[in-house]
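In the UniProt record's numbering, the protein residues as written are 1 to 565.
Only one structure is covered here, and it is reproduced in the block below.
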Amino acid sequence: MRLTRTSDLWWKNAVVYCLDVETYQDSNGDGTGDFAGLTQRIDHLVRLGVTCVWLMPFYPTRERDDGYDITDFYGVDPRLGTLGDFTEFVRTARDRGIRVIADLVVNHTSDHHPWFLDARSGRDSAHRDWYVWSDEPPADGPQGVVFPDVEQSLWEYDKGSGQYYLHRFYKQQPDLNIANPAVRDEIARIMGFWTQLGLSGFRVDAVPFLLETDGQADAGQLPDPHEYLADLRAFLGRRNGEAVLLGEVNLPYDETARFFGEPSTGRGDELTMCFDFIGMQRMYLALARGDAGPLAGALRERPTAPRDAHWATFVRNHDELTLDKLSADERDEVFAAFGPEKDMQLYGRGLRRRFPPMVGGDRRRVELAQSLLLTLPGTPVLFYGEEIGMGENLAAEGRQAVRGPMQWTSDEGGGFSTADPGRYPNPLAEGAYSPGYVNVHDQEYDSGSLLARMRMLVDRYRQAPELAWGRYEVLEAGDPAVLVHLSSLPEGAVLALHNFADRAATAEPDVPGLRAGALLTDLLTGATLTASDTGRVRVGLEPYGYRWLRVSTPRDDADRSTAGA
1 MRLTRTSDLW WKNAVVYCLD VETYQDSNGD GTGDFAGLTQ RIDHLVRLGV
51 TCVWLMPFYP TRERDDGYDI TDFYGVDPRL GTLGDFTEFV RTARDRGIRV
101 IADLVVNHTS DHHPWFLDAR SGRDSAHRDW YVWSDEPPAD GPQGVVFPDV
151 EQSLWEYDKG SGQYYLHRFY KQQPDLNIAN PAVRDEIARI MGFWTQLGLS
201 GFRVDAVPFL LETDGQADAG QLPDPHEYLA DLRAFLGRRN GEAVLLGEVN
251 LPYDETARFF GEPSTGRGDE LTMCFDFIGM QRMYLALARG DAGPLAGALR
301 ERPTAPRDAH WATFVRNHDE LTLDKLSADE RDEVFAAFGP EKDMQLYGRG
351 LRRRFPPMVG GDRRRVELAQ SLLLTLPGTP VLFYGEEIGM GENLAAEGRQ
401 AVRGPMQWTS DEGGGFSTAD PGRYPNPLAE GAYSPGYVNV HDQEYDSGSL
451 LARMRMLVDR YRQAPELAWG RYEVLEAGDP AVLVHLSSLP EGAVLALHNF
501 ADRAATAEPD VPGLRAGALL TDLLTGATLT ASDTGRVRVG LEPYGYRWLR
551 VSTPRDDADR STAGA
């Protein structure tokens, strides 16, 4: 039986911050970010309230897919530093109360990885069966090209060995054969290696692809995919009882929930957390319509995560903002509202934009999205630069548009590097979102800045354990523009209200257990509201406004009565 200590569940109320080392801070002036630079910027993360850093791939790479084409799973790319620099960052972060997780990208390798170079050298090579080969692309093999604008097939012919190899992503990224026990053992060794160096877990890339074996001749050798995932979780738990697996699973809710573990047991013994892709996409549809209904519906449909598991919420991630789980008409609504030009769209299913430019820099809507991120039930995951309202640069190719260098100062290079900006991994944002207008330094000294507001929201989130640990319930607001949900623990409850419309709104939810005369305290302003004689509360909201209200408990009332005696 697996016993879990509450201290092991740090991720339940974590604030996760995703960043790419090569675009965060350059310490040596070569134009590329590095671990030494990241370590120098640790105080920014501390002041923001970050408790977990998620590192995008930092391993040696050919840089054909922004680091996801890995040539060595046991090293640090020389451009970014050394293993010593990595461990120094992890140690420094942990000293400041920040855990570190990293991308686990083991569904494929680079075609220049030594394993693949050996595999393609001959059909009897030692690593031949570490990849998936076929004389002809099988008719019953996996379907669907992930990047339809670049690849036309999932199979690539290898002239040297006279067979096709499988690649669900780019052809320079051949898929590993997860049905091979030697590959599964190697994945465990990779996890053990980085855990030993201080990582507190992994964000697992493209989980369904990792476990899929359709069309593979040796698929029968693989145990049930969910049993294998449970084995990985158990292995990680033996190495580090607090370590997590944060899974990228973009599937319908019922299918995603299976990746937490066997539903009948009520335990989470596979992935620790799964991203809520459905909720994110419905949120954008709600924002486009000015109607909270799509997001409210998603929250009501979302399965409850089992014990020892959690959902992860996000406004956008490091990839394209996918809208693939919306209908074609719904997707067109979001495109029309937030990315009407073809160049803003990607793969016909998503947007390559950051949120502030999508809403024309409307501070009210940016704050609304940040408030939703921190109050929706789940662990909030920020993408670097969100705290200052960074924009994208559509001149960059594909997904790189949203992966520009972090903007620290107002100078030409944004304080990212002393090198010529032409040497940066990706271009800086331009126009109203260039460093001259959006940067950490200027907002640091402005009490009314977005950064200051974000720090305050994170601080209030940390003071409201109900939001992370509580049972949530979506309530009827009385106005279609308003989302109201209640997060409850035996010790107390927080009522969160968000107005999706460009008009004032009034919500009058029927809050379970609310007594006549009970006080509700605004966690953001300190103002109070009093429940009516019928036990209801009437809350006014400005256009795109939001409120976080702590509901008083009988103990609170007794304390106030005693204090006044």
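Glycine is no exception: its CB is placed at the ideal position from the N, C-alpha and C atoms.
Everything numeric in this text was worked out from a predicted model, so none of it was measured.
* Asked: Does the count of Cβ pairs from the segment 130–139 and the segment 176–185 closer than 8 Å reach three?
  -> yes
* Find the nearest neighbour of L45 within the set L295, R128, A296 and F383, judged by alpha-carbon distance. => As a position in the sequence shown, residue 45 is number 45, starting the count at 1. The option with the nearest alpha carbon to L45 is F383.
* Residue of S434, I42 and G422 minimising C-alpha distance to G29 -> Looking up residue 29 in the sequence shown gives position 29. Minimum Cα distance to G29 is reached at G422.
* Touch check for the segment 524–539 and the segment 386–400: three-plus C-beta pairs under 8 Å? -> no
* Mind checking which residues open and close the beta strand (DSSP E) that includes D156? => On the sequence shown, position 156 is the one that residue 156 refers to. Strictly speaking, residue 156 in this sequence is Glu, with Asp absent from that position. Where E156 is concerned, the enclosing beta strand (DSSP E) stretches over W155 to D158.
* Evaluate contact between the segment 88–100 and the segment 195–214, counting only Cβ atoms and requiring at least three cross-stretch pairs below 8 Å. => yes
* Asked: Going by the CB atoms, is the gap between A309 and L483 shorter than 8 Å?
  -> The residue given as residue 483 occupies position 483 in the sequence shown. The residue given as residue 309 occupies position 309 in the sequence shown. Result no, Cβ atoms of L483 and A309 do not sit closer than 8 Å.
* To do: Check whether the segment 411–418 touches the segment 18–34, counting contact only when three or more Cβ pairs, one atom from each stretch, lie closer than 8 Å.
  => yes
* Leaving out five residues before and five after F335 in sequence, what residues of the same chain have Cβ atoms less than 7 Å from its Cβ? -> Position 335 of the sequence shown holds residue 335. Counting only Cβ-Cβ distances below 7 Å, and skipping sequence neighbours, we find Q345.
* To do: Would you grab the beta carbon distance between L295 and A286 for me? Rounded to a whole angstrom, and I think it's under 8 Å.
  => Numbered from 1 along the sequence shown, position 295 holds the residue referred to as residue 295. Numbered from 1 along the sequence shown, position 286 holds the residue referred to as residue 286. Confirmed, about 4 Å.
* Neighbour-count burial assignment, D95, 16 or more Cβ in a 10 Å radius -> In the sequence shown, residue 95 corresponds to position 95, counting from 1. D95 comes out exposed.
* In the segment 280–339, which residue ranges form an unbroken beta strand (DSSP E) of at least 3 residues, counting only runs that do not cross its ends? -> 310–313
* Would you call the segment 476–492 and the segment 402–409 in contact, with 3 or more CB pairs under 8 Å? -> no
* Asked: Terminal residues of the continuous alpha helix (DSSP H) containing V458?
  -> Along the sequence shown, read from residue 1 onward, the residue named residue 458 stands at position 458. Residues L450 to R462.
* Leaving aside the five residues before and after L451 along the sequence, list all residues of the same chain whose C-beta is less than 6 Å from its C-beta, in chain order. => Along the sequence shown, read from residue 1 onward, the residue named residue 451 stands at position 451. If we look at L451 and ignore the five residues flanking it on each side, its Cβ neighbours are E387, I388 and Q443.
* Decide if the segment 314–332 is in contact with the segment 495–513; the criterion is three or more beta carbon pairs, one per stretch, under 8 Å apart. => no
* Taking the alpha-carbon positions, what's the W115 to L523 distance? -> Counted from its first residue, the sequence shown places residue 115 at position 115. Counted from its first residue, the sequence shown places residue 523 at position 523. Straight-line Cα distance between these residues: approximately 55 Å.
* Asked: So the alpha helix (DSSP H) V207 belongs to, where does it begin and stop?
  -> As a first step, residue 207 is located in the sequence shown; it is residue number 207 there, counting from the start. Counting along the chain, the alpha helix (DSSP H) containing V207 begins and ends at V207 to L211.
* To do: Measuring alpha carbon to alpha carbon, tell me which of R354, S161, L154 and T109 ends up nearest G122.
  => In the sequence shown, the residue the question calls residue 122 occupies position 122. Minimum Cα distance to G122 is reached at S161.
* Could you say if the segment 430–446 and the segment 56–73 meet the contact criterion of at least three C-beta pairs nearer than 8 Å? => no
* Is it right to say Y170 is buried, meaning 16 or more other beta carbons lie within 10 angstroms of its own, or is it exposed? -> To locate residue 170, count along the sequence shown from 1; it is residue 170. The residue is buried, with at least 16 neighbouring Cβ atoms inside 10 Å.
* To do: Measure the C-alpha to C-alpha separation of L495 and D103 and round it to an integer number of angstroms.
  => For the purposes of this step, residue 495 is taken as residue 495 along the sequence shown, with counting starting at 1. For the purposes of this step, residue 103 is taken as residue 103 along the sequence shown, with counting starting at 1. Answer to the nearest angstrom: the Cα atoms are 34 Å apart.
* Bounding residues of the beta strand (DSSP E) (the contiguous stretch that carries P380) -> On the sequence shown, position 380 is the one that residue 380 refers to. Looking at the DSSP string, the run of the beta strand (DSSP E) that includes P380 is T379 to F383.
* **L55 versus E22: straight-line alpha-carbon distance, rounded** => Numbered from 1 along the sequence shown, position 55 holds the residue referred to as residue 55. Numbered from 1 along the sequence shown, position 22 holds the residue referred to as residue 22. Near 10 Å, if we compare the C-alpha coordinates of E22 and L55.
* To do: Please classify F277: is it buried, with 16 or more other beta-carbons within 10 angstroms of its beta-carbon, or exposed?
  => The residue labelled residue 277 in the question sits at position 277 within the sequence shown. Buried: at least 16 other Cβ atoms inside 10 Å.
* Nearest-angstrom Cα distance between T4 and M273? -> Here residue 4 corresponds to residue number 4 of the sequence shown, with the count starting at 1. Here residue 273 corresponds to residue number 273 of the sequence shown, with the count starting at 1. Because the pLDDT of T4 is 44, which lies under 50, any placement of that residue in the model is unreliable, and the number read from its coordinates should be weighed accordingly. In a straight line, the C-alpha of T4 is about 15 Å away from that of M273.
* Can you tell which of T379, A206, S110 and R233 has its C-alpha closest to the C-alpha of W469? -> Counted from its first residue, the sequence shown places residue 469 at position 469. Residue T379 is the option with its Cα nearest to W469.
* **Through-space distance from H318 to S371, alpha-carbon basis** => What you label residue 371 is simply residue 371 of the sequence shown in a count that begins at 1. What you label residue 318 is simply residue 318 of the sequence shown in a count that begins at 1. Roughly 20 Å between the two C-alpha positions.
* Asked: Which residues in the same chain have their Cβ closer than 8 Å to the Cβ of V366, if we skip the five residues on either side of it in sequence?
  -> Indexing the sequence shown from 1 puts residue 366 at position 366. Hits under 8 Å: F355, P356, V359, G389 and L450.
* To do: Given a cut-off of 8 Å, decide if V458 and residue 601 are closer than it, judged by their beta-carbon atoms.
  => One cannot answer for residue 601 here, as it falls past the ends of the chain, which runs 1 to 565.
* Asked: Nearest to F89 by CA position, among Y74, C52 and R62, is which residue?
  -> The residue labelled residue 89 in the question sits at position 89 within the sequence shown. For the residues Y74, C52 and R62, the minimum Cα distance to F89 belongs to C52.
* What's the call for T109, buried or exposed, on a 16-neighbour Cβ count within 10 Å? -> Along the sequence shown, one-based indexing puts residue 109 at 109. By the 10 Å Cβ count, T109 comes out buried.
* **Strand pairing of W54, partner residues [DSSP]** => On the sequence shown, residue 54 is found 54 positions in, with the first residue counted as 1. According to DSSP, which records beta bridges pairwise, W54 is partnered with C18 and I101.
* Starting from H498, trace the alpha helix (DSSP H) both ways and give me its first and last residue. => Indexing the sequence shown from 1 puts residue 498 at position 498. Segment G492 to N499 is the beta strand (DSSP E) holding H498; no alpha helix (DSSP H) there.
* Just reading off the alpha helix (DSSP H) that residue 588 is part of, what are its end residues? -> For the chain, the structure presents residues 1 to 565; residue 588 sits outside this window and is missing.
* Hey, is D140's beta-carbon within less than 8 Å of any beta-carbon in chain B? -> Given the protein chain composition of this structure (a single chain), no chain B is represented.
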